[in-house]
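Chains as they are written, first to last, in the UniProt record's numbering: chain S, 1 to 210; chain Y, 1 to 210; chain C, 1 to 210; chain H, 1 to 210.
Scroll down for the structure; my scribbles are underneath it.
Number of protein chains: 4
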Amino acid sequence: MAGFDVIRYGQAAREICDAGRFLYGRGWSPATSSNYSRRIDSNHLAITVSGRHKGRLAEQDVMVVDLTGKPVQSDCRPSAETLLHTVLYSDNEDLGAVLHTHSVKATVLSRLVPAGEHLVFEDYELQKAFAGVSTHEGRVEVPVFDNTQDIAALAADTRQWLADHPQQPGYLIRGHGLYTWGRDMAECLRHVEAFEFLFECELETMRVRG
Amino acid sequence: MAGFDVIRYGQAAREICDAGRFLYGRGWSPATSSNYSRRIDSNHLAITVSGRHKGRLAEQDVMVVDLTGKPVQSDCRPSAETLLHTVLYSDNEDLGAVLHTHSVKATVLSRLVPAGEHLVFEDYELQKAFAGVSTHEGRVEVPVFDNTQDIAALAADTRQWLADHPQQPGYLIRGHGLYTWGRDMAECLRHVEAFEFLFECELETMRVRG
Amino acid sequence: MAGFDVIRYGQAAREICDAGRFLYGRGWSPATSSNYSRRIDSNHLAITVSGRHKGRLAEQDVMVVDLTGKPVQSDCRPSAETLLHTVLYSDNEDLGAVLHTHSVKATVLSRLVPAGEHLVFEDYELQKAFAGVSTHEGRVEVPVFDNTQDIAALAADTRQWLADHPQQPGYLIRGHGLYTWGRDMAECLRHVEAFEFLFECELETMRVRG
Amino acid sequence: MAGFDVIRYGQAAREICDAGRFLYGRGWSPATSSNYSRRIDSNHLAITVSGRHKGRLAEQDVMVVDLTGKPVQSDCRPSAETLLHTVLYSDNEDLGAVLHTHSVKATVLSRLVPAGEHLVFEDYELQKAFAGVSTHEGRVEVPVFDNTQDIAALAADTRQWLADHPQQPGYLIRGHGLYTWGRDMAECLRHVEAFEFLFECELETMRVRG
Chain S
1 MAGFDVIRYG
11 QAAREICDAG
21 RFLYGRGWSP
31 ATSSNYSRRI
41 DSNHLAITVS
51 GRHKGRLAEQ
61 DVMVVDLTGK
71 PVQSDCRPSA
81 ETLLHTVLYS
91 DNEDLGAVLH
101 THSVKATVLS
111 RLVPAGEHLV
121 FEDYELQKAF
131 AGVSTHEGRV
141 EVPVFDNTQD
151 IAALAADTRQ
161 WLADHPQQPG
171 YLIRGHGLYT
181 WGRDMAECLR
191 HVEAFEFLFE
201 CELETMRVRG
Chain Y
1 MAGFDVIRYG
11 QAAREICDAG
21 RFLYGRGWSP
31 ATSSNYSRRI
41 DSNHLAITVS
51 GRHKGRLAEQ
61 DVMVVDLTGK
71 PVQSDCRPSA
81 ETLLHTVLYS
91 DNEDLGAVLH
101 THSVKATVLS
111 RLVPAGEHLV
121 FEDYELQKAF
131 AGVSTHEGRV
141 EVPVFDNTQD
151 IAALAADTRQ
161 WLADHPQQPG
171 YLIRGHGLYT
181 WGRDMAECLR
191 HVEAFEFLFE
201 CELETMRVRG
Chain C
1 MAGFDVIRYG
11 QAAREICDAG
21 RFLYGRGWSP
31 ATSSNYSRRI
41 DSNHLAITVS
51 GRHKGRLAEQ
61 DVMVVDLTGK
71 PVQSDCRPSA
81 ETLLHTVLYS
91 DNEDLGAVLH
101 THSVKATVLS
111 RLVPAGEHLV
121 FEDYELQKAF
131 AGVSTHEGRV
141 EVPVFDNTQD
151 IAALAADTRQ
161 WLADHPQQPG
171 YLIRGHGLYT
181 WGRDMAECLR
191 HVEAFEFLFE
201 CELETMRVRG
Chain H
1 MAGFDVIRYG
11 QAAREICDAG
21 RFLYGRGWSP
31 ATSSNYSRRI
41 DSNHLAITVS
51 GRHKGRLAEQ
61 DVMVVDLTGK
71 PVQSDCRPSA
81 ETLLHTVLYS
91 DNEDLGAVLH
101 THSVKATVLS
111 RLVPAGEHLV
121 FEDYELQKAF
131 AGVSTHEGRV
141 EVPVFDNTQD
151 IAALAADTRQ
161 WLADHPQQPG
171 YLIRGHGLYT
181 WGRDMAECLR
191 HVEAFEFLFE
201 CELETMRVRG
């Protein structure tokens, strides 16, 4: 397989750096947590190097991997969770960006959902912010996967779930954070904002209702 | 009817873009939600094009509609909720701006108010921020309309309610957000700030009192 | 009585404008609420004109009044609460600045404290931020006055209370906000920050303890 | 013992000033609270002068002390809590920076933990942000020392505790705040962010669970 187009890599890297400044500024990627990726072509994606400060990303913090997660033209170590990104791109050729964030709200909610249950959003106008949703009358189900250091196993689990639920816009990992995706970076960022809004609505309601 | 004055359109559009930067920055218009309008003349208003990022509005994101909601000199699609704006301008010639925002607090409170009841503010000094209120000793009642995809029906309901309560400064739609208005953009923005302040006071009180 | 020094007025006005940008930015002076003052000399103070946006104050938004609250060399209308400022300056010649703010936390807490009781801070290290407090082992008592549109009566009440408690750094008005003061603007701003910190600590504790 | 390298002092001071702008901006060092230090060499550290505004630190707000806490080439008064810094540097030659912050969350949590108990973090992915932690499956224990004006006694207590628990990344003082440290300023700031994230997770969970 031939290499990747360096112009497209550069643009993907810039979009990732800009996303990082936004997400860190909101408090959703603290303390070098989180990882982000952007498709370059059918076999390559740009992804954040492991352990970098997400509010100060520059091009040297973004590397290229192929769809098996192997670094391409780089000695850097990609995010430990690279496989969670690559399975998403492998199974959906329209998917252009993946953001994994790590907010307080996502973390707390993911620990409060009982094992085996999903987080469910209903009757929120903002559900329409998710691609393909045109009414508040539907129901968005967000699965919560148990956290693990065995990323390959988790990647297989998420891949199976997505095959069964191709329209869902994201999932949570317990005590860990959110994965969401989109056709391009703008759509993916809109999904992060919508999820964070809905997480905060749910928590605020729980605070008040006790 | 003749066309609109393009200088006045340009000024209205700039005011809308500036309002968007402020409201998005506060977190009150996330994920391309919300819509804003500004009167141009007795038959035309400037209004946001459907689906745009509210923190990065530019002139191409603001179009003109007449008081029936029909686009004027534009092929863009206006906000799906345009009729909720036009009924306000039609019935009150002093009204110059309408802002529909979409905060977590407004969304959560609107879902907590029991069906058939209003949200009521009493004994808050900040009630004086609403036009025409000169004491904290009054009572501000905010109705909560059920959310619907039938905007024409909702427009008719809000119109009837406003005819009966001409002094009220805003209303909520359940799970959806706030509509408020003013003589000009500055007054309308002051109303948004006052509502958001009072929403947060009510929620904070509910959190503590349980 | 001779006029005031215009250079000192200009400096006082700039300090007030800068304070406004800070306090509005924190969300403590929303929707044209709040008023601020700075002593010019033994008989004059600079104070905000009524109804101005506190995040965008410029020199034309700051006027001069004498210690009876009468405008000096100005046709503007001073804040409706000017007398609450002047009684503080009249009785304490070392006092150089007064800030009245209007945060959600101050508003909510002031409504939760039972009638006739004070808000009390104990065992917080940050109590040392108040002028004259050198240990966390003391006790800061913050009275809560009932809100009223009769500012002259409220001014007399606060004056009496301060005569009896000369070391206290501030008071609340129910449903309305905080008054605090200092030798200069820097000390007064430090007091606002300390009060807001302590208000939030108290509310957070109440949220958790229920 | 010879003096310190002034170039290294200048760099340490700049890192402290930058840290202050960040920490104050987040609301974690309000009202002139907090103190920060950075190692210069085996016997000297740069530390904030007592009582300065942490969001506006400049080089004149950072002085040098030796490992006994005595000022070197300065007439300024170092932070009253200087000994809490020096015992950390004395016992760990790899330690390069110490940050004491003073957030609402740290203050409230430290008062809620029952006397004699520790705050414990378990099953949070973000525990991996602490140096030396490579899995979320461990357990981070944060002791809570009682607040006191006797800093020498508190310094001795913390020193003993650290000798017994050399891998722990920080501790709390009741009603007062957080102490954390790192090899360099970047690691130390990452620890502050991780602690604040975890404090907020714990409080949010307590709010919801009641």
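Think of the CB as a built atom: it goes at the ideal place given N, C-alpha and C, for glycine as much as any other residue.
Asked: Taking the beta carbon of T103 of chain C as the centre, do at least 16 other beta carbons fall within 10 Å, making it buried, or is it exposed?; Found: The sequence shown places Ser at residue 103 of chain C, rather than the Thr named in the question. With 16 or more Cβ atoms within 10 Å of its Cβ, S103 of chain C is classed as buried.
Asked: Identify every residue that forms a DSSP beta bridge with R38 of chain Y.; Found: Y:A46 and Y:A97
Asked: What's the call for K70 of chain S, buried or exposed, on a 16-neighbour Cβ count within 10 Å?; Found: exposed
Asked: Do we get a CB-CB distance below 7 Å when we pair N35 of chain C with the residues of chain Y?; Found: no
Asked: Distance, Cα to Cα, V192 of chain H vs M206 of chain Y?; Found: 31 Å
Asked: Is the shortest distance between the beta-carbon of Q60 of chain Y and the beta-carbons of chain S less than 7 Å?; Found: no
Asked: In chain Y, which residues lie less than 9 Å from Q149 of chain C when you measure between Cβ atoms?; Found: S134, T135, H136 and E137
Asked: Is the separation between the beta-carbon of V113 of chain H and that of V144 of chain H shorter than 7 Å?; Found: yes
Asked: Please classify A12 of chain Y as buried or exposed, where buried requires at least 16 neighbouring CB atoms within 10 angstroms.; Found: buried
Asked: Out of curiosity, what's the CA-to-CA distance linking S134 of chain H and T32 of chain S?; Found: 14 Å
Asked: Using the rule of at least 16 other Cβ atoms within 10 Å of the residue's Cβ for burial, across every protein chain shown, is P166 of chain Y buried or exposed?; Found: exposed
Asked: Find the residues of chain H that neighbour L203 of chain S, judging by a C-beta separation of less than 9 Å, and give them in chain order.; Found: E204, R207 and V208
Asked: Using the beta-carbon of each residue, which ones in chain Y are nearer than 7 Å to F197 of chain S?; Found: P30, A31 and V104
Asked: Quick check on the DSSP output: the beta strand (DSSP E) that includes F121 of chain H runs from which residue to which?; Found: L119 to E122
Asked: Among residues of its own chain, excluding the 5 on either side of T94 of chain Y, which ones have a beta-carbon nearer than 8 Å to its beta-carbon?; Found: One detail in the question is off: residue 94 of chain Y reads as Asp in this sequence, not Thr. Correct list, in chain order: R183.
Asked: Please list the terminal residues of the continuous alpha helix (DSSP H) segment that includes T205 of chain S.; Found: M185 to R209
Asked: Runs of 4 residues minimum, wholly inside the segment 113–176 of chain H: which ones carry the alpha helix (DSSP H) assignment?; Found: 151–164
Asked: Using the Cα positions of D61 of chain C and E137 of chain H, report the straight-line distance between them to the nearest angstrom.; Found: 58 Å
Asked: For V87 of chain H, would you say it is in contact with chain C, using Cβ-to-Cβ distances shorter than 7 Å as the test?; Found: no
Asked: Which term fits Q73 of chain Y, buried or exposed, when burial requires 16 or more other beta carbons within 10 angstroms of its beta carbon?; Found: exposed
Asked: What does the alpha-carbon distance come out to for the pair D123 of chain H and F4 of chain S?; Found: 39 Å
Asked: Going straight from the alpha carbon of L162 of chain H to that of F195 of chain S, what length do you get?; Found: 41 Å
Asked: Just the C-alpha distance for P78 of chain H and A46 of chain H, rounded to the nearest angstrom, thanks.; Found: 10 Å
Asked: So R190 of chain S and N147 of chain S are in contact, right, with Cβ under 8 Å, and what is the actual spacing, rounded?; Found: About 26 Å separates the two Cβ atoms, so there is no contact after all.
Asked: Would you call the CB atoms of G55 of chain H and Y9 of chain H closer than 7 Å?; Found: no
Asked: Shorter than 7 Å from the beta carbon of R38 of chain Y to some beta carbon of chain C?; Found: no
Asked: Is the CB of V108 of chain H under 7 Å away from at least one CB in chain C?; Found: yes
Asked: Answer with yes or no whether the minimum CB distance from L99 of chain Y to chain C is below 7 Å.; Found: no
Asked: Please report the residue range of the alpha helix (DSSP H) in which D18 of chain H lies.; Found: V6 to G25
Asked: Kindly indicate which three-state DSSP category T68 of chain C falls into: helix, strand or coil?; Found: coil
Asked: Which two residues bound the contiguous alpha helix (DSSP H) that contains residue 223 of chain H?; Found: Because chain H in this structure spans residues 1 to 210, residue 223 of chain H falls outside the shown range and cannot be described.
Asked: Relative to the alpha-carbon of T101 of chain Y, which residue among Y:R209, Y:L67, Y:R21 and Y:I7 has its alpha-carbon at the smallest distance?; Found: Y:R21
Asked: At a CB distance below 8 Å, what residues from the segment 170–186 of chain C approach chain Y? Give them in sequence order.; Found: I173, R174, G175, H176 and G177
Asked: Taking the C-alpha atoms as reference points, what is the distance between Y36 of chain Y and S110 of chain H?; Found: 45 Å
Asked: Out of Y:L126, Y:Y89, Y:G27 and Y:A131, which one is the CA nearest neighbour of V108 of chain C?; Found: Y:L126
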